[in-house]
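So the structure is just underneath, and the comments pick up after that.
Residue numbers (this note's numbering), protein chains in the order written: chain D, 2 to 147; chain Y, 27 to 230.
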């Protein structure tokens with residue numbers, strides 16, 4: 002009987018790659034907007050990149066939910082705490098956009114990009130840690146405590 | 027559906043007791059109040075458009091970010107690579123949790139204050155004579171952000187969780203730590219590019 006794969010070696014769907022690609026879309030889209038401010042230019046490239054990023058993120062979520070078995074407890078802990086942190090970061094950046102009176106259309110695109118960023122990174126972090134854990138064997142410790 | 031009938035636990039590459047692993051916290055909770063004070067000061071500086079404070083945050087944050095990145099990538103990294111596995115593990119348990127808080131704080135300080143500073147001085151305007159240099163800095167920062175968030179931060183967290191296990195997989199830790207070495211070149215070039223761009227903009 003063939004040996005079962007170790008957590009570090011088993012093949013997994015390309016969740017990380019999709020998350021990183023989505024993040025790259027968000028970064029490039031933001032650079033395109035920031036580089037041309039405050040000129041009134043077409044937001045189409047940034048909107049397309051945002052849409053592509055959202056599709057990639059959605060695909061990574063679908064692939065993630067189909068992995069079985071998976072250390073969901075560890076994933077939830079890491080992604081949950083990361084999400085809390087990244088919501089604070091995204092909230093601060095959003096506040097700066099509003100405080101700086103960013104025009105409505107640009108604000109909409111940047112807010113969408115921020116939302117993509119705030120969901121994508123915790124997902125990536127949670128997956129990156131949980132993929133190396135053996136599901137149900139020994140729960141990973143609370144990251145806040147020894 | 028991706029199915030795995032059974033997952034065998036990883037054979038320990040670091041035998042129990044072989045490495046004197048100090049007890050550690052993945053997130054150094056005692057440092058969070060310091061981070062909160064630093065970020066609180068940043069928010070106040072931005073809200074008040076206080077030029078000196080914005081400049082202070084940008085110069086201090088940027089200098090430390092660049093310095094720490096280059097120092098870790100080109101001085102500490104190669105030293106760690108030559109250490110014994112137990113020594114590497116002990117160093118990592120003390121070093122990496124600190125980096126987990128330090129680097130995001132420095133990056134936030136630098137970027138937030140830099141953006142507000144540029145806005146305050148009118149450097150963000152497309153008509154600013156050195157605008158292409160600023161656009162170049164956005165691209166460089168974008169590359170560094172991708173490397174940090176997509177490659178280094180996940181590896182850092184995964185290593186810390188592995189080190190928390192009773193019997194960490196040394197092979198996995200070594201593989202994840204190699205990412206820091208592979209990306210040191212990209213980060214080094216990007217940081218030197220940042221130094222060139224920022225000094226150009228400063229004397230413009």
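C-beta atoms are modelled at their ideal positions from N, C-alpha and C, and glycine is treated no differently.
{"Query": "Contact set for residue 158 of chain Y: own chain, Cβ-Cβ below 7 angstroms, skip 5 residues either direction", "Result": "none"}
{"Query": "Residue 14 of chain D versus residue 72 of chain Y - alpha carbon distance", "Result": "42 angstroms"}
{"Query": "Start and end residues, alpha helix (DSSP H) containing residue 101 of chain D", "Result": "It is not in any alpha helix (DSSP H) - residue 101 of chain D carries neither H nor E in the DSSP assignment."}
{"Query": "Chain D within 8 angstroms of residue 205 of chain Y, Cβ atoms only", "Result": "no"}
{"Query": "Residue 161 of chain Y to residue 122 of chain D span [Cα, whole Å]", "Result": "24 angstroms"}
{"Query": "Whole-angstrom distance between residue 71 of chain D and residue 119 of chain Y, CA atom to CA atom", "Result": "26 angstroms"}
{"Query": "Under 7 angstroms from the C-beta of residue 126 of chain D: neighbouring residues of chain Y", "Result": "179, 180 and 183"}
{"Query": "Chain D within 8 angstroms of residue 145 of chain Y, Cβ atoms only", "Result": "yes"}
{"Query": "Unbroken alpha helix (DSSP H) run spanning residue 167 of chain Y, endpoints", "Result": "157-172"}
{"Query": "CB contact below 8 angstroms: residue 121 of chain Y versus chain D", "Result": "no"}
{"Query": "Any chain Y beta carbon closer than 8 angstroms to residue 112 of chain D", "Result": "no"}
{"Query": "For residue 31 of chain D, the nearest candidate out of D:68, D:99 and D:112 (CA to CA)", "Result": "D:112"}
{"Query": "Pairwise C-alpha distance: residue 166 of chain Y and residue 29 of chain D", "Result": "11 angstroms"}
{"Query": "Cβ-based burial, residue 49 of chain D [other Cβ within 10 Å; buried from 16]", "Result": "exposed"}
{"Query": "3 or more residues per run - each beta strand (DSSP E) lying fully within the region 32-91 of chain D", "Result": "none"}
{"Query": "Selection from Y:101, Y:87 and Y:216 that minimises the alpha carbon distance to residue 141 of chain Y", "Result": "Y:87"}
{"Query": "Under 9 angstroms (Cβ pairs) to chain Y, residues found in the region 22-38 of chain D", "Result": "24, 25, 28, 29, 31, 32, 35, 36, 37 and 38"}
{"Query": "Inter-stretch contact (C-beta, 8 angstroms, three-pair minimum) for the region 187-200 of chain Y and the region 70-85 of chain Y", "Result": "no"}
{"Query": "Spatial neighbours of residue 21 of chain D in its chain, beta-carbon cut-off 8 angstroms, leaving aside the 5 residues before and after", "Result": "125"}
{"Query": "Per-residue burial, residue 105 of chain Y [other beta carbons within 10 Å of its own, 16 or more giving buried]", "Result": "exposed"}
{"Query": "Delimiting residues of the alpha helix (DSSP H) encompassing residue 59 of chain Y", "Result": "58-74"}
{"Query": "For residue 120 of chain Y, three-class secondary structure by DSSP", "Result": "helix"}
{"Query": "C-beta neighbour in chain Y for residue 61 of chain D, strict 8 angstroms", "Result": "no"}
{"Query": "Min CB distance residue 129 of chain D to chain Y below 8 angstroms", "Result": "yes"}
{"Query": "Partners in chain Y for residue 101 of chain D, counting only beta-carbon separations shorter than 7 angstroms", "Result": "145"}
{"Query": "Below-8 angstroms beta-carbon distance, residue 218 of chain Y vs any chain D residue", "Result": "no"}
{"Query": "Beta carbon proximity, residue 122 of chain D to chain B, threshold 8 angstroms", "Result": "Here chain B cannot be found, since the structure's protein chains are D and Y."}
{"Query": "Buried versus exposed, by CB contacts within 10 Å (16 or more), residue 18 of chain D", "Result": "exposed"}
{"Query": "Where the alpha helix (DSSP H) containing residue 190 of chain Y begins and where it ends", "Result": "179-190"}
{"Query": "Residue 221 of chain Y, DSSP secondary structure in three states", "Result": "helix"}
{"Query": "Own chain, CB closer than 8 angstroms to residue 58 of chain D, minus 5 neighbours either side, in chain order", "Result": "19, 20, 23, 117, 120, 121 and 124"}
{"Query": "Cross-chain neighbours of residue 97 of chain D in chain Y, by beta carbon under 8 angstroms", "Result": "72, 138, 141 and 142"}
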